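*Asks:* What follows is a structure written as structure tokens; I'll ask about it next.
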Amino acid sequence: MKIFTKITTILLTFILLLSLIIVPTSAASSATLYFNKSSVKVGDKVTVSVSIKPNESMYAVEFYLQYNDSVLKYKSGNGNKNAAGVLKVVESPSGDKSVKYNFTFEALKKGTSKIAVTDCIYVTNGSGGSSEKSFVGASASISVKDANLSSNAKLKSLNVSGFTLSPKFSSNTTSYNVKVPFDTKKVSVTANTSDKNAKVVSVEGNNNLKVGKNVVTVTVEAENGTQKKYTINVERLKEGAEDTSSEESEELVEEGALKTNISGTDYSILTKIPETLLLEGFSIETKNVNGYDIETAVDKDGVFRIFYLKSNVDDTPVPYLYDEVLDQFDKLKYITVGERYYIFTEIPSDAVIPENLYSSSFELAGFTVNCLADSNSSMSDFRYVYCYSNGNFSYYRFDTLESTIHRFPEFETLGNQKQDSDTLFARFSRLSTNGKVIIVALFVLILGVFALLIMLIVYLFKRALNRNADIILSDDYDDFDEITVENENNVLK
Numbered sequence: 030m031k032i033f034t035k036i037t038t039i040l041l042t043f044i045l046l047l048s049l050i051i052v053p054t055s056a057a058s059s060a061t062l063y064f065n066k067s068s069v070k071v072g073d074k075v076t077v078s079v080s081i082k083p084n085e086s087m088y089a090v091e092f093y094l095q096y097n098d099s100v101l102k103y104k105s106g107n108g109n110k111n112a113a114g115v116l117k118v119v120e121s122p123s124g125d126k127s128v129k130y131n132f133t134f135e136a137l138k139k140g141t142s143k144i145a146v147t148d149c150i151y152v153t154n155g156s157g158g159s160s161e162k163s164f165v166g167a168s169a170s171i172s173v174k175d176a177n178l179s180s181n182a183k184l185k186s187l188n189v190s191g192f193t194l195s196p197k198f199s200s201n202t203t204s205y206n207v208k209v210p211f212d213t214k215k216v217s218v219t220a221n222t223s224d225k226n227a228k229v230v231s232v233e234g235n236n237n238l239k240v241g242k243n244v245v246t247v248t249v250e251a252e253n254g255t256q257k258k259y260t261i262n263v264e265r266l267k268e269g270a271e272d273t274s275s276e277e278s279e280e281l282v283e284e285g286a287l288k289t290n291i292s293g294t295d296y297s298i299l300t301k302i303p304e305t306l307l308l309e310g311f312s313i314e315t316k317n318v319n320g321y322d323i324e325t326a327v328d329k330d331g332v333f334r335i336f337y338l339k340s341n342v343d344d345t346p347v348p349y350l351y352d353e354v355l356d357q358f359d360k361l362k363y364i365t366v367g368e369r370y371y372i373f374t375e376i377p378s379d380a381v382i383p384e385n386l387y388s389s390s391f392e393l394a395g396f397t398v399n400c401l402a403d404s405n406s407s408m409s410d411f412r413y414v415y416c417y418s419n420g421n422f423s424y425y426r427f428d429t430l431e432s433t434i435h436r437f438p439e440f441e442t443l444g445n446q447k448q449d450s451d452t453l454f455a456r457f458s459r460l461s462t463n464g465k466v467i468i469v470a471l472f473v474l475i476l477g478v479f480a481l482l483i484m485l486i487v488y489l490f491k492r493a494l495n496r497n498a499d500i501i502l503s504d505d506y507d508d509f510d511e512i513t514v515e516n517e518n519n520v521l522k
């Protein structure tokens, strides 16, 4: 009974010890770091934002923001210079459960700067009065590129010898169509760059043309390595077939057709659309607009209705979407790669965004694409976009350096794993070095206490066995003495 009491006491003491030293990591809040742009040129300004959401009222916040002051220069924000490359932030929120602080930097020279949030604490009021709590910091890197290198990878002219491109060439238009007769097995492509320091690195697909559709790709590389691709869809006609594209082009716009003005430029709305302009999966559907029958391009699901407009300064038909609520035309944001097209749309509002991604944008083919960028400097050339392509919506990863796009279904998996990763390894990895040392030390201490407990239990158990053996042996000796006496008495009798 005494042994059982001792073991019970030891176990209760061990449980009490664990309750005192174990601090659940899920209770620790963490800072989130955002950049308004991940790729910056010398002379540009970049805004760094720090968000803190502990889900309890805060009345004081303090942390340090570290950066490479040889690459970035602090201009303005919520911080005060504490040392070279270090800002100290001390704020007094009025019971807010979520705060965000902004810091503006200027890029000084080419290089990489790590931005780190460290030594983070906040003060909250509870039933027992005010208490100081810590929250996990964050870090990310930002790249600064040399501003002297041009990123212009546009062409100033593109020709297919002996044939006419449709639409008419424009440096911002990257996809064209041309029809060639059956006896044409290859085409000669001439491309000239807008920037003298850019170069045409390749022309592919212009030889060994097959009957039907062929894709010729012209790749241009800017001085800073940025690449841009122009595609020419070459249709080689069947034997005996005639090219009717010139007849179609003459009937694009009716006399007195609808007109509109966009940003000071007059546009005519095409009443007829040649099939060469249709994207894969789109068909022509007539819509009556102010008494005019206008041909529009509609996808199979009816998600997009495209109007084609032609400006008074350029004969190239350009696809536009019409916003009936705002009563305005918006240029269709799309690219074509080979036989596929990609229409850029907004990231869904209900999307679960991984913490390493932040809202951003980039310029492509003369328009701005809203996207998500990665705070990891090794992924600074990539953007994550949401596109409609050949009848389906999906996430894609766009390489801004090589101007390539690939479907990225892993995006949704990363988003769905956000909460799990936040409570396990990711939360530990975001701890400061001191925090990691403390957690490891606590873990080792727990293992040590547990090992001592096992050793103590084994020791007490062995001791109990030895005592029982002594008692049993003592009882045997007593019985032997009594029998001996009785035998002696019996003999005497």
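The sequence shown begins at 30 in my numbering and counts up by one. No residue lacks a Cβ here, since even glycine has one placed at the ideal position from N, Cα and C. All of these numbers come straight from a predicted model, not from anything done at the bench.
Output the boundary residues of the beta strand (DSSP E) element that contains Ala402.
*Replies:* The sequence position of residue 402 within the sequence shown is 373, counting from 1. Here the beta strand (DSSP E) through Ala402 covers Phe396 to Asp403.
*Asks:* Under 8 Å Cβ to Cβ from Leu430, same chain only, skipping five residues before and after it: list those, please.
*Replies:* As a working note, residue 430 is residue 401 in the sequence shown. Around Leu430: Gly254, Thr255, Gln256 and Asp410.
*Asks:* When burial is assigned at 16 or more other CB atoms within 10 Å of the CB, is Ile467 buried or exposed?
*Replies:* Mapped onto the sequence shown, residue 467 falls at position 438. So Ile467 counts as exposed.
*Asks:* May I have the straight-line CA-CA distance separating Val152 from Arg369, to the nearest angstrom?
*Replies:* Your numbering for residue 152 matches position 123 in the sequence shown. Your numbering for residue 369 matches position 340 in the sequence shown. The straight-line gap from Cα to Cα measures roughly 55 Å.
*Asks:* Does the region 245-252 come within contact of the region 174-191, defined as at least 3 CB pairs closer than 8 Å?
*Replies:* Counting Cβ pairs under 8 Å, three or more are found: they touch.
*Asks:* So is Gln357 buried or exposed if we call it buried at 16+ other beta carbons inside 10 Å?
*Replies:* Your numbering for residue 357 matches position 328 in the sequence shown. Exposed, because fewer than 16 other Cβ atoms sit within 10 Å of the Cβ of Gln357.
*Asks:* Going by alpha carbons, who is nearest to Ala167 out of Lys360, Lys339, Tyr63 and Gly140?
*Replies:* Mapped onto the sequence shown, residue 167 falls at position 138. Measuring from the Cα of Ala167, the nearest candidate turns out to be Tyr63.
*Asks:* Suppose the cutoff is 8 Å on Cβ atoms and the five residues either side in sequence are ignored; what does the same chain contact list for Asn405 look like?
*Replies:* Mapped onto the sequence shown, residue 405 falls at position 376. Around Asn405: Ala169, Ser170 and Asn385.
*Asks:* Does DSSP put Glu439 in a helix, a strand or coil?
*Replies:* The count along the sequence shown starts at 1 and reaches residue 439 at position 410. Here Glu439 sits in helix by DSSP.
*Asks:* Let's see if you can read the secondary structure: which residues bound the beta strand (DSSP E) around Leu386?
*Replies:* Numbered from its first residue, the sequence shown carries residue 386 at position 357. In this chain, the beta strand (DSSP E) harbouring Leu386 covers Leu386 to Leu393.
*Asks:* Whose C-alpha, out of Thr133, Leu393 and Gly234, is nearest the C-alpha of Lys104?
*Replies:* One-based indexing of the sequence shown puts residue 104 at position 75. Of the candidates Thr133, Leu393 and Gly234, the one whose C-alpha sits nearest the C-alpha of Lys104 is Thr133.
*Asks:* When you compare each of Lys225, Thr260 and Pro210 to Val218 by their alpha carbons, which one comes out closest?
*Replies:* If you number the sequence shown from 1, residue 218 lands on position 189. For the residues Lys225, Thr260 and Pro210, the minimum Cα distance to Val218 belongs to Thr260.
*Asks:* Straight-line CA distance for Asn262 to Ile313?
*Replies:* The sequence position of residue 262 within the sequence shown is 233, counting from 1. The sequence position of residue 313 within the sequence shown is 284, counting from 1. Distance between the alpha carbons of Asn262 and Ile313: 20 Å.
*Asks:* Helix or strand or just coil, what does DSSP make of Ile468?
*Replies:* Here residue 468 refers to the residue found at position 439 of the sequence shown. Correct three-state label for Ile468: helix.
*Asks:* Could you give the C-beta distance for Lys301 and Glu324, rounded to a whole number, given that I count them as a contact under 8 Å?
*Replies:* Here residue 301 is taken as the residue at index 272 of the sequence shown, counted from 1. Here residue 324 is taken as the residue at index 295 of the sequence shown, counted from 1. About 5 Å; that satisfies the 8 Å criterion.
*Asks:* What are the start and end residues of the beta strand (DSSP E) that includes Lys12?
*Replies:* Given that the chain is displayed from residue 30 to residue 522, the structure contains no residue 12 and the question cannot be resolved.
*Asks:* Looking at Pro348 and the ligand COA, is the gap between the Cβ and the nearest heavy atom below 6 Å?
*Replies:* The ligand COA is absent from the structure shown, which contains no ligand whatsoever.
*Asks:* Would Val118 pass as a contact of Phe92 if the rule is Cβ separation under 7 Å?
*Replies:* What you label residue 118 is simply residue 89 of the sequence shown in a count that begins at 1. What you label residue 92 is simply residue 63 of the sequence shown in a count that begins at 1. Yes, the Cβ-Cβ distance between Val118 and Phe92 is below 7 Å.
*Asks:* Using the rule of at least 16 other Cβ atoms within 10 Å of the residue's Cβ for burial, across every protein chain shown, is Asn527 buried or exposed?
*Replies:* Residue 527 cannot be examined here, being either before or after the span of the chain that is shown, 30 to 522.
*Asks:* Reducing DSSP to helix, strand and coil, say where Gly477 ends up.
*Replies:* Reading the sequence shown from its first residue, position 448 is the one you call residue 477. The three-state reading of DSSP puts Gly477 in helix, counting H, G and I together.
*Asks:* Per DSSP, Val318 forms a beta bridge with which residues?
*Replies:* In the sequence shown, the residue the question calls residue 318 occupies position 289. Note: Val318 sits in a beta bridge opposite Tyr321.
*Asks:* Of all the beta strand (DSSP E) runs that stay within the bounds of the region 293-365, which reach a length of 3 or more residues?
*Replies:* 294-298, 311-318, 321-328, 334-340, 347-352 and 357-360
*Asks:* Just to confirm before moving on: does the CB-CB distance between Tyr337 and Ile372 stay below 7 Å?
*Replies:* Within the sequence shown, the letter at position 308 stands for residue 337. Within the sequence shown, the letter at position 343 stands for residue 372. Against a cut-off of 7 Å, the Cβ pair of Ile372 and Tyr337 comes out as no contact.
*Asks:* Taking only three categories from DSSP, how would you classify Ile150?
*Replies:* Stepping through the sequence shown from its first residue, residue 150 is reached at position 121. In the structure shown, Ile150 sits in a strand (DSSP, three-state: E or B).
*Asks:* How many Å lie between Ser423 and Lys197 at the Cα?
*Replies:* Residue numbering aside, residue 423 sits at position 394 when the sequence shown is read from its first letter. Residue numbering aside, residue 197 sits at position 168 when the sequence shown is read from its first letter. Roughly 31 Å between the two C-alpha positions.
*Asks:* Which full runs of the beta strand (DSSP E) of 3+ residues lie inside the region 102-132, going along the chain?
*Replies:* Counting whole runs of 3 or more residues, the region 102-132 contains the beta strand (DSSP E) stretches 109-112 and 115-120.
*Asks:* Going by beta carbon distance, what residues of the same chain come within less than 7 Å of Arg436, once the five residues before and after it are set aside?
*Replies:* Locating residue 436 in the sequence shown gives position 407, counting from the first residue. Result list for Arg436: Ser423 and Tyr425, in chain order.
*Asks:* When DSSP labels each residue in this structure, what does Ile486 get in the three-state scheme?
*Replies:* As a working mapping, residue 486 is identified with position 457 in the sequence shown. In this structure, Ile486 counts as helix in the three-state DSSP scheme.
*Asks:* Would you call the region 377-397 and the region 232-245 touching, i.e. three or more CB-CB distances under 8 Å?
*Replies:* no
*Asks:* Among Leu393, Asp295 and Glu439, which residue has its Cα nearest to the Cα of Thr433?
*Replies:* Indexing the sequence shown from 1 puts residue 433 at position 404. The shortest Cα separation from Thr433 among Leu393, Asp295 and Glu439 belongs to Leu393.
*Asks:* State the beta-bridge partners of Ser159 as determined by DSSP.
*Replies:* Translated into the one-based positions of the sequence shown, residue 159 becomes position 130. Answer is Asn154.
*Asks:* Report the option in Asn188, Val318 and Ala145 whose CA atom is closest to the CA atom of Ser78.
*Replies:* On the sequence shown, residue 78 is found 49 positions in, with the first residue counted as 1. Nearest option by C-alpha distance: Ala145.
*Asks:* Rank Lys242, Ser172, Gly331 and Val247 by C-alpha distance to the C-alpha of Thr203 and give the top, closest one.
*Replies:* Here residue 203 is taken as the residue at index 174 of the sequence shown, counted from 1. For the set Lys242, Ser172, Gly331 and Val247, the Cα lying nearest the Cα of Thr203 is the one of Val247.
*Asks:* To which residues of the same chain is Thr315 closer than 8 Å at the C-beta, ignoring the five residues directly before and after it?
*Replies:* Residue mapping note: residue 315 aligns to position 286 of the sequence shown, counting from 1. The residues are Asp322, Ile323, Glu324 and Thr325.
*Asks:* Between which residues of its own chain and Phe396 is the CB-CB distance below 7 Å, once the five residues before and five after are set aside?
*Replies:* Here residue 396 refers to the residue found at position 367 of the sequence shown. Cβ within range, chain order: Lys360 and Lys362.
*Asks:* Please list the terminal residues of the continuous beta strand (DSSP E) segment that includes Tyr205.
*Replies:* Locating residue 205 in the sequence shown gives position 176, where the first residue counts as 1. It spans Ser204 to Val209 - the beta strand (DSSP E) in which Tyr205 sits, taken as one unbroken run.
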